[in-house]
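Okay, so here's the structure we're looking at.
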Amino acid sequence: QQPVQSPQAVILREGEDAVINCSSSKALYSVHWYRQKHGEAPVFLMILLKGGEQKGHEKISASFNEKKQQSSLYLTASQLSYSGTYFCGTSKGFGNEKLTFGTGTRLTIIP
Amino acid sequence: DTGVSQNPRHKITKRGQNVTFRCDPISEHNRLYWYRQTLGQGPEFLTYFQNEAQLEKSRLLSDRFSAERPKGSFSTLEIQRTEQGDSAMYLCASTTGRSYEQYFGPGTRLTVT
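These protein sequences, in sequence, are chains Z and X. Numbered as in this note's numbering, the first sequence ends at 167 without a single skipped number. Numbered as in this note's numbering, the second sequence ends at 124 without a single skipped number.
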């Protein structure tokens with residue numbers, strides 16, 4: 057089953073924060089986050105492994121709740137370049153197996 | 012350019028025709044994946060290879076679809092007797108056996124008329 061993401065779409069002003077959620081009905085070993093801009097290939101953002109630490113860069117971070125089979129992506133002080141569609145991808149393994157992508161969240165940042 | 016490349020980038024074909032796409036992964040990446048993406052949806056897994064061995068094939072993939080990776084380097088995806096429902100973006104990704112990140116190519120957009 058495909059992971060469900062929420063919200064489906066969000067519009068933010070530059071500098072605002074956003075949270076994107078990913079929920080799976082199956083037990084997960086890893087969660088991958090990708091961003092895809094219109095007409096382009098998905099670009100890897102980060103991976104969270106079962107039992108691992110919360111990952112992140114300065115303004116983009118993520119968490120993984122293994123018990124709830126959920127992951128959240130946090131974008132702080134959003135920039136125009138953050139616009140795009142965000143997908144979570146789940147894997148039953150380390151992530152070098154197939155990914156099952158979520159329903160997607162379209163993020164639009166306006167000046 | 013050392014990224015994943017795919018050819019052609021666009022393909023328009025008539026229903027019933029056969030099409031073949033090519034993917035060149037990043038050098039030394041031993042795992043190669045094919046996904047399909049329709050408008051507004053996330054990529055959907057089709058099949059993947061480790062070197063030349065096809066390890067898994069989606070049940071969604073009908074027998075009209077076949078993929079090969081003959082020498083463990085580039086891969087081809089062939090669709091026989093195309094149908095309008097095959098219209099989609101076909102994405103290829105690659106990774107090393109030890110890496111978690113899948114690097115995606117720009118995709119081949121197929122339009123079946």
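Backbone N, C-alpha and C fix where the C-beta goes; we use that ideal spot for every residue, glycine too.
Taking the C-alpha atoms as reference points, what is the distance between residue i and residue j?
{"i": "X:T44", "j": "X:T122", "result": "Here residue 44 of chain X turns out to be Tyr, not Thr, going by the sequence shown. Approximately 21 Å between the Cα atoms of the pair."}
{"i": "Z:A133", "j": "Z:A97", "result": "24 Å"}
{"i": "X:N41", "j": "X:Q61", "result": "5 Å"}
{"i": "Z:S127", "j": "Z:G160", "result": "13 Å"}
{"i": "Z:D73", "j": "Z:Q135", "result": "10 Å"}
{"i": "Z:Q92", "j": "Z:P63", "result": "16 Å"}
{"i": "X:Q17", "j": "X:F115", "result": "10 Å"}
Going along chain X, which residues have a C-beta under 7 Å from residue i?
{"i": "Z:K154", "result": "Y44, F56, Y59 and E67"}
{"i": "Z:F143", "result": "G53"}
Tell me residue i's beta-bridge partners as DSSP assigns them.
{"i": "Z:D73", "result": "Z:D73 pairs with nothing; no bridge assigned."}
{"i": "X:Q28", "result": "According to DSSP, X:Q28 bridges with nothing at all."}
{"i": "X:E67", "result": "X:Y59"}
{"i": "X:H21", "result": "X:R120"}
{"i": "Z:L163", "result": "Z:V66 and Z:G140"}
{"i": "Z:Y130", "result": "Z:V75 and Z:S117"}
{"i": "X:D35", "result": "X:S16"}
{"i": "Z:H12", "result": "A question about residue 12 of chain Z goes unanswered here, because the residues of chain Z that appear run from 57 up to 167."}
Less than 9 Å separating the beta-carbons of residue i and residue j?
{"i": "X:S8", "j": "X:T58", "result": "Here chain X comprises residues numbered 12 to 124, so residue 8 of chain X is not present and cannot be evaluated."}
{"i": "Z:A118", "j": "Z:L105", "result": "no"}
{"i": "Z:S141", "j": "Z:L155", "result": "Residue identity differs from the one stated: residue 141 of chain Z is Thr in this sequence, not Ser. No. Outside cutoff."}
{"i": "Z:T146", "j": "Z:V87", "result": "yes"}
{"i": "X:S86", "j": "X:I37", "result": "no"}
{"i": "X:Q113", "j": "X:R26", "result": "no"}
{"i": "Z:S79", "j": "Z:K115", "result": "no"}
{"i": "X:R47", "j": "X:Q65", "result": "no"}
{"i": "Z:Y51", "j": "Z:K148", "result": "Absent from the model: residue 51 of chain Z. The displayed extent of chain Z is 57 to 167, so no value can be given."}
Going along chain Z in order, which residues have a C-beta closer than 7 Å to the C-beta of residue i?
{"i": "X:F32", "result": "Ordered by position in chain Z, no residue passes the 7 Å Cβ test against X:F32, which lies about 14 Å from the chain."}
{"i": "X:L4", "result": "Here chain X covers residues 12 to 124 and nothing more, so residue 4 of chain X does not appear."}
Name the chain X residues that come within less than 8 Å of residue i, Cβ to Cβ?
{"i": "Z:T159", "result": "Q52 and G53"}
List the residues of chain Z that residue i touches, going by C-beta distances under 8 Å, in chain order.
{"i": "X:L102", "result": "A97 and P98"}
{"i": "X:G96", "result": "Under the 8 Å cutoff, chain Z gives no residues; its nearest Cβ is about 18 Å from X:G96."}
Starting from the Cα of residue i, find the closest Cα among the options and give me that residue.
{"i": "X:D97", "options": "X:G118, X:E39, X:P36 and X:T124", "result": "X:T124"}
{"i": "Z:V60", "options": "Z:S81, Z:G71, Z:Y90 and Z:Y138", "result": "Z:S81"}
{"i": "Z:Q120", "options": "Z:Q92, Z:F157, Z:G95 and Z:C144", "result": "Before going further, note that residue 120 of chain Z is Phe rather than Gln in the sequence given. Nearest of Z:Q92, Z:F157, Z:G95 and Z:C144 to Z:F120, Cα basis: Z:C144."}
{"i": "X:H21", "options": "X:R33, X:E67, X:E63 and X:G51", "result": "X:R33"}
{"i": "X:T93", "options": "X:I23, X:R109, X:T107 and X:N18", "result": "X:I23"}
{"i": "Z:G71", "options": "Z:S137, Z:H94 and Z:Y90", "result": "Z:S137"}
{"i": "X:T107", "options": "X:S84, X:S77 and X:P117", "result": "X:S84"}
{"i": "Z:G107", "options": "Z:E122, Z:Q57, Z:Y90 and Z:H94", "result": "Z:E122"}
{"i": "Z:I67", "options": "Z:L101, Z:H94, Z:S139 and Z:G95", "result": "Z:S139"}
Please list the partners that residue i has in chain X, where partner means a Cβ-to-Cβ separation under 9 Å.
{"i": "Z:I103", "result": "Y111 and E112"}
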